[in-house]
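*Asks:* Numbering (our numbering), first residue to last: 5 to 189. We put the beta carbon where it would ideally sit given N, CA and C, even for glycine. For clarity, every value in this text was computed on a predicted model and none was experimentally measured. Have a look at the structure that comes next, please.
Laid out in structure tokens, this is it:
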């Protein structure tokens with residue numbers, strides 16, 4: 005366990021989600037669900053939840069990115085979140101880009117039917133653990149809509165600190181959050 009300003013971030017493998025890296029075949033199958041609704045389910049091992057993805061444009065963006073990415077860049081992309089207990093796909097997220105100056109940005113979404121059950125915390129924790137375990141990351145950032153909301157609660161519970169208010173050209177006002185690995189760990 006790592007303590008940061010009164011909050012605890014568990015870095016052991018007690019997650020409720022397993023990260024499954026997005027691949028070109030998985031994303032191709034996901035974008036072709038209308039033509040072949042079972043292919044994605046066969047590849048991921050679970051049906052896609054209703055109402056997911058909430059941001060389908062991220063799938064096309066990630067597919068284009070992975071088709072051009074080097075082997076070193078691919079792990080710093082989209083991840084699918086699979087419930088360890090049931091094998092059910094519960095959401096997705098990942099990294100905005102490979103680390104720059106030992107910092108990486110995460111983002112995540114949990115399918116509507118799985119919200120409020122701890123999967124957001126588990127997914128964000130798994131992303132932080134994955135990044136830190138590479139030895140390339142000391143800081144993790146994230147952005148949320150301003151004001152108290154489920155995402156701000158997720159980040160605060162993991163020891164992230166609200167560090168800035170920013171203006172995003174696509175969504176408007178956002179809060180920037182940061183988690184830093186404590187010295188000596």
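In angstroms with no decimal places, state the Cα-to-Cα distance between residue 58 and residue 115.
*Replies:* Looking up residue 58 in the chain shown gives position 54. Looking up residue 115 in the chain shown gives position 111. Spanning the two alpha carbons is a distance of roughly 8 Å.
*Asks:* Which whole-angstrom value is the C-beta distance of residue 111 and residue 98, which I expect to be below 8 Å?
*Replies:* Position 107 of the chain shown, counting from 1, holds the residue named residue 111. Position 94 of the chain shown, counting from 1, holds the residue named residue 98. About 7 Å; that satisfies the 8 Å criterion.
*Asks:* With DSSP run on the structure shown, which of helix, strand or coil describes residue 71?
*Replies:* Taking the chain shown and counting its residues from 1, one reaches residue 71 at position 67. The answer is helix: DSSP assigns residue 71 an H, G or I state.
*Asks:* Is the beta carbon of residue 31 sitting closer than 9 Å to the one on residue 70?
*Replies:* The residue you call residue 31 lines up with position 27 of the chain shown. The residue you call residue 70 lines up with position 66 of the chain shown. A contact, by the Cβ cut-off of 9 Å.
*Asks:* Using alpha carbons as the reference points, say which of 85, 28 and 36 lies closest to residue 68.
*Replies:* As a first step, residue 68 is located in the chain shown; it is residue number 64 there, counting from the start. The shortest C-alpha separation from residue 68 is found at 28.
*Asks:* Three-state secondary structure (DSSP) at residue 119?
*Replies:* Against the chain shown, residue 119 aligns to sequence position 115. Correct three-state label for residue 119: coil.
*Asks:* Report yes or no: do the region 176-184 and the region 143-152 share at least 3 C-beta pairs separated by less than 8 Å?
*Replies:* Because the criterion of three Cβ pairs below 8 Å is met, the region 176-184 and the region 143-152 touch.
*Asks:* Using only alpha-carbon positions, find the residue among 106, 133 and 157 that is nearest to residue 121.
*Replies:* Residue numbering aside, residue 121 sits at position 117 when the chain shown is read from its first letter. Of 106, 133 and 157, the residue nearest in Cα terms is 157.
*Asks:* Is it a yes or a no for the region 103-110 touching the region 125-139, going by three-plus beta-carbon pairs under 8 Å?
*Replies:* Enough Cβ pairs lie closer than 8 Å, so yes.
*Asks:* Return no unless some Cβ of chain B is closer than 9 Å to the Cβ of residue 123.
*Replies:* Considering every chain present, this structure includes no chain B. It has just one protein chain.
*Asks:* Using only the alpha-carbon positions, how far apart do residue 74 and residue 171 sit?
*Replies:* In the chain shown, the residue the question calls residue 74 occupies position 70. In the chain shown, the residue the question calls residue 171 occupies position 167. Taking the straight line from one Cα to the other gives about 31 Å.
*Asks:* Once you ignore the five residues that flank residue 118 on each side, which residues in its own chain have a CB closer than 7 Å to its CB?
*Replies:* Stepping through the chain shown from its first residue, residue 118 is reached at position 114. The answer, listed in chain order, is 53, 94 and 95.
*Asks:* Measuring straight from C-alpha to C-alpha, what distance separates residue 165 and residue 38?
*Replies:* For the purposes of this step, residue 165 is identified with residue 161 of the chain shown, where counting begins at 1. For the purposes of this step, residue 38 is identified with residue 34 of the chain shown, where counting begins at 1. Cα-Cα distance, rounded: 41 Å.
*Asks:* Would you grab the beta carbon distance between residue 26 and residue 82 for me? Rounded to a whole angstrom, and I think it's under 8 Å.
*Replies:* Against the chain shown, residue 26 aligns to sequence position 22. Against the chain shown, residue 82 aligns to sequence position 78. Their Cβ separation, rounded to whole angstroms, is 4 Å, which keeps residue 26 and residue 82 in contact under 8 Å.
*Asks:* Within the continuous alpha helix (DSSP H) that includes residue 157, where are the two ends?
*Replies:* Here residue 157 corresponds to residue number 153 of the chain shown, with the count starting at 1. Its alpha helix (DSSP H) spans residues 154-161.
*Asks:* Are there 16 or more other CB atoms within 10 angstroms of the CB of residue 137, so buried, or fewer, so exposed?
*Replies:* Within the chain shown, numbered from 1, the residue matching residue 137 stands at position 133. Under this definition residue 137 is an exposed residue.
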